[in-house]
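Before any comments, here is the structure.
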Amino acid sequence: DQQVKQNSPSLSVQEGRISILNCDYTNSMFDYFLWYKKYPAEGPTFLISISSIKDKNEDGRFTVFLNKSAKHLSLHIVPSQPGDSAVYFCAGSPSNTGNQFYFGTGTSLTVIP
Amino acid sequence: DGGITQSPKYLFRKEGQNVTLSCEQNLNHDAMYWYRQDPGQGLRLIYYSQIVNDFQKGDIAEGYSVSREKKESFPLTVTSAQKNPTAFYLCASSKPMETQYFGPGTRLLVL
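Quick note, the sequences are listed as chains A and B, same order. Under my numbering, read the first sequence as residues 1 to 113, first letter to last. Under my numbering, read the second sequence as residues 1001 to 1111, first letter to last.
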């Protein structure tokens, strides 16, 4: 049973525009979320996190928004750059399982120059 | 230079053979994890360890075994009982309740 879902397998965006990647979760106990970027045949690279006590976290071009009532989070990349082309995974962790994270299936972002 | 290393980058397994994937970290992290990634799928947790000499099964532990004799090392053995071992294997580590950091991965192929 997939507890974290990324329903868009792929997304294409023009360079300079905003990329919005979405993620939904089903477990109301999730209180900490991560976004990772992954290139083929490499390990994921941590991008940004958010805890449930906040509804927004910003780091440079990357902003994550959390809507707890909708069990939804999104990653905004502004402006998008060709180097952002990769697969993006979101992950959530429930507070009662130590540090076990559940990952979504990923969204492949292509930024078109 | 702190980080997580995985070896080998590619590993070939023959029918009925056990193979071991190495994961080492020098980040002084207590927790370590093994994930499996299949094409078009997310990362699925195989095993994790919060502390030396202790580990727990993840969602897909069948056909795998681990040990945690040292804080820095968390090797994963893919046993002959794992009938579909071809995948990309990722090791991660973290401080308790904090962000996980990943190694570069090992691709396992069956001959």
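Beta carbons are placed, not taken as given, at the ideal position from N, Cα and C, and that holds for glycine.
(message) Strictly below 9 Å CB to CB, what residues from chain B border residue 62 of chain A?
(response) Ordered by position in chain B, no residue passes the 9 Å Cβ test against residue 62 of chain A, which lies about 14 Å from the chain.
(message) At the 9 Å Cβ level, is residue 1099 of chain B part of the contact set with chain A, yes or no?
(response) yes
(message) Classify residue 37 of chain A: buried if its beta carbon has 16 or more other beta carbons within 10 angstroms, exposed otherwise.
(response) buried
(request) Just confirm the distance between the C-beta atoms of residue 1022 of chain B and residue 1075 of chain B, as a whole number of angstroms; I'd bet it's less than 8 Å. (result) 6 Å
(request) Grab me the residues of residue 26 of chain A's own chain with a C-beta within less than 7 Å of its C-beta, minus the 5 sequence neighbours each way, in chain order. (result) 3 and 71
(request) Return the CA-CA distance between residue 1059 of chain B and residue 1044 of chain B, expressed in angstroms with no decimal places. (result) 7 Å
(request) Consider the Cβ of residue 8 of chain A: report whether some Cβ of chain B lies at a distance smaller than 9 Å. (result) no
(request) Answer yes or no: does any C-beta atom of chain B fall closer than 9 Å to that of residue 86 of chain A? (result) no
(request) For residue 1103 of chain B, go through chain A and note every residue whose CB falls closer than 8 Å to its CB, in chain order. (result) 43
(request) Take every Cβ of the region 47-60 of chain A, pair it with every Cβ of the region 1019-1034 of chain B, and state whether three or more of those distances are shorter than 8 Å. (result) no
(request) Check the Cβ of residue 1048 of chain B against every Cβ in chain A and list those closer than 7 Å, keeping chain order. (result) 100
(request) Note down, in chain order, each residue of its chain lying with its Cβ closer than 7 Å to the Cβ of residue 1105 of chain B, except the 5 sequence neighbours on either side. (result) 1006, 1088, 1089 and 1090
(message) Please confirm whether residue 1060 of chain B has its beta-carbon closer than 9 Å to some beta-carbon of chain A.
(response) no
(message) Measuring alpha carbon to alpha carbon, tell me which residue in B/1028, B/1009 and B/1013 is nearest residue 1109 of chain B.
(response) B/1013
(request) May I ask you to report which of helix, strand or coil DSSP gives residue 94 of chain A? (result) strand
(request) Starting from residue 1107 of chain B, trace the beta strand (DSSP E) both ways and give me its first and last residue. (result) 1106-1110
(message) Going by beta-carbon coordinates alone, are residue 1027 of chain B and residue 1051 of chain B separated by less than 9 Å?
(response) no
(message) Does any residue of chain A have a CB that is nearer than 9 Å to the CB of residue 1074 of chain B?
(response) no
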